Amino acid sequence: KQEVTQIPAALSVPEGENLVLNCSFTDSAIYNLQWFRQDPGKGLTSLLLIQSSQREQTSGRLNASLDKSSGRSTLYIAASQPGDSATYLCAVNSGNTPLVFGKGTRLSVIA
Amino acid sequence: KAGVTQTPRYLIKTRGQQVTLSCSPISGHRSVSWYQQTPGQGLQFLFEYFSETQRNKGNFPGRFSGRQFSNSRSEMNVSTLELGDSALYLCASSQLQGFGGTGELFFGEGSRLTVL
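The listed protein sequences derive, respectively, from chains A and B. The numbering used here applies: residue 15 is where the first sequence begins, and numbers increase by one. The numbering used here applies: residue 5 is where the second sequence begins, and numbers increase by one.
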C-alpha cells in the first residue's frame, strides 16, 4: 500500500529565502507525482506534474525533482515571498488506483 | 477555458438530513474524483467516475454515494448526515493517461458542508 509522507509539517522562513519541501513515498512503482498548493478554505491548485520518466520540472520560481529509486521528491522554492504562504501537498499516482496524498507542509513566509 | 466548478460553495444542514453536491469538470475531462478534507484526517478519497462508471471507491460508508452523467458532470450525495460529515468536499477532474490512470488533477474550490 502506497504511503506518502511530507516533512516538515510546518515551516516558517523570512522573505527572500530559498527553501525545500520534501515528499517521500514507500512504493517506487509510480507513474507520476504532482505538487499542489492550497490556500486556507480553498481548493487545491496544481503546481507541477512530474512523469515517472522525468527527473525534474520547473515553473517560474518552482522546481520539483523526482528520484523514484529512493522514493523521494522535493519542491524547491526560490526567493520566497509572503504570497507563497500556503499548504503544499504532494500526491503520488501509482496507476489505476486513486492518488495518494501526503498531509502537506504548511509554509509561512514572513515579510 | 473554465475550471472545475462546484456548487454550492457553502451549505449548512442538520443531522439526519441529506445533501447533494454538484461538480462540473473541465471541458473534455471525463474523469471526476471526489475527496473529503477535514483538519484531522486530511484529504480522503471518496470515489472516482469515468464515463458514467465508478472506477474506484474509498473507504466510506454507504451513506456516501455518487454518480456521473453523460456530459461528465458529477454529483455526490450524503444521506442521514452526521456531525462528523462536516468537511470541505473537493472535486477534481482529469483526463486518463495511456496506462489507465488519471493524468494531472485539477480541483474545484470545494463545497463547505457544516452539519449542526
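For each residue, glycine too, the CB sits at the ideal point set by N, CA and C. All values reported here derive from a predicted model rather than from experimental measurement.
1) What separation, rounded to the nearest whole angstrom, lies between the Cα atoms of B:Phe150 and B:Ser35?
2) Does the CB of A:Lys15 have a neighbour CB from chain B at under 7 Å?
3) Am I right that B:Gln48 and B:Tyr39 are in contact with their C-beta atoms under 8 Å? What's the rounded C-beta distance?
4) Given A:Ser122, which residues of its chain have a CB within under 6 Å of its CB, disregarding the five upstream and five downstream residues?
5) Three or more beta-carbon pairs under 8 Å between the segment 28-45 of chain A and the segment 88-102 of chain A, yes or no?
6) Would you kindly work out how many angstroms separate the C-alpha atoms of B:Leu11 and A:Ser73, rounded to a whole number?
7) Reducing DSSP to helix, strand and coil, say where B:Gly46 ends up.
8) Using only alpha-carbon positions, find the residue among A:Gln20, A:Pro112, A:Phe39, A:Ala125 that is nearest to B:Asn60.
9) What in chain B is Cβ-close to A:Thr72, meaning under 8 Å?
10) Mapping DSSP to helix, strand and coil, what is B:Gly70?
11) Hey, how far is the Cα of A:Leu58 from the Cα of B:Phe111?
12) Using CA coordinates, which residue listed in A:Pro22, A:Gln52, A:Arg69, A:Phe39 is at the minimum distance from A:Gly97?
13) Quick one: is B:Gln58 buried, meaning 16 or more other Cβ sit within 10 Å of its Cβ, or exposed?
14) Nearest to B:Val8 by alpha carbon, out of B:Gly88, B:Ser78, B:Arg71?
15) Rounded to whole angstroms, what's the CA-CA distance from B:Asp89 to B:Leu117? Just pull it up for me.
16) From the DSSP output, in three-state form, read off A:Pro28 for me.
17) For A:Lys117, return the contacting residues in chain B, with the cut-off set at a CB-CB distance below 7 Å.
18) Taking C-alpha atoms, which residue in A:Leu80, A:Pro28, A:Trp49, A:Thr119 lies nearest to A:Thr101?
19) Is B:Leu50 near B:Phe68, with beta carbons less than 7 Å apart?
20) Measure the C-alpha to C-alpha separation of A:Leu62 and A:Ala78 and round it to an integer number of angstroms.
21) Is it right to say B:Ala6 is buried, meaning 16 or more other beta carbons lie within 10 angstroms of its own, or is it exposed?
Let me lay it out:
1) The structure shown does not extend to residue 150 of chain B, since chain B is modelled only from 5 to 120, so the question has no answer here.
2) no
3) 6 Å
4) Excluding its 5 nearest sequence neighbours in each direction, A:Ser122 has C-beta neighbours in its own chain below 6 Å: Ser26, Ser99, listed in chain order.
5) yes
6) Correcting the residue type first, residue 11 of chain B is Thr in the shown sequence and not Leu. Roughly 31 Å between the two C-alpha positions.
7) strand
8) A:Pro112
9) Residues of chain B passing the Cβ test: none, with the nearest at roughly 16 Å.
10) Residue state, collapsed to three classes: strand.
11) The straight-line gap from Cα to Cα measures roughly 6 Å.
12) A:Gln52
13) exposed
14) A check of alpha carbon separations from B:Val8 across B:Gly88, B:Ser78, B:Arg71 identifies B:Ser78 as the nearest.
15) 8 Å
16) strand
17) Gly46
18) A:Thr119
19) yes
20) Distance between the alpha carbons of A:Leu62 and A:Ala78: 7 Å.
21) exposed
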